[in-house]
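To start, the structure itself, in structure tokens.
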Amino acid sequence: MRHLLEIEQADGWATVIGLNGGPRDKKPHVVRPLSPTAFTEQEIVEYFIKSASTAYTSRDQIKNLISTTNYPWGKVVSLNWTALGYAPGGTEFCMLPNDGCAISLGHLALDWATVKVSSVQPGGPGI
Numbered sequence: 020m021r022h023l024l025e026i027e028q029a030d031g032w033a034t035v036i037g038l039n040g041g042p043r044d045k046k047p048h049v050v051r052p053l054s055p056t057a058f059t060e061q062e063i064v065e066y067f068i069k070s071a072s073t074a075y076t077s078r079d080q081i082k083n084l085i086s087t088t089n090y091p092w093g094k095v096v097s098l099n100w101t102a103l104g105y106a107p108g109g110t111e112f113c114m115l116p117n118d119g120c121a122i123s124l125g126h127l128a129l130d131w132a133t134v135k136v137s138s139v140q141p142g143g144p145g146i
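Our numbering applies: residue 20 is where the sequence shown begins, and numbers increase by one.
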């Protein structure tokens, strides 16, 4: 299914709302550059480990629940929070475009194989 998205851009972040799909797709998702800024898969992994660390989870447990999938435009790195025992849980996604910084997509799940990424230079035309 092709996702139709409405994007409201702000300074440093955007809200993405699905116009089709199920209830989870139609709720607002905040999309922003990962903070601290990450340019590598390892930096995203470290972000997830730091976010999920508790007295009850080891670094290796968290690392085993992080997955990376490669695409022509870059990578998607994700963490399955449900498997860590978080409620309501879900999977958190970070997108790492080729030659770009990581973007936190929260729980926004897309058909990643159909995603197309184009860069817009500052001061250039919008998409």
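All C-beta atoms, glycine included, are put in the ideal place defined by N, C-alpha and C. A quick note: this is a predicted structure, and the numbers were derived from the prediction, not measured.
The beta carbons of A132 and Y90 sit about 7 Å from each other, so the pair counts as a contact at 8 Å. Assignment of K94 by DSSP, reduced to helix, strand and coil, places it in the strand class. Fewer than three pairs of CB atoms, one per stretch, sit closer than 8 Å, so the region 44-56 makes no contact with the region 67-81. The Cβ atoms of A128 and T110 sit closer than 8 Å to each other.
According to the DSSP assignment, V136 belongs to no beta strand (DSSP E), since it is labelled neither H nor E. The Cβ-Cβ distance between I63 and L124 does not fall below 8 Å.
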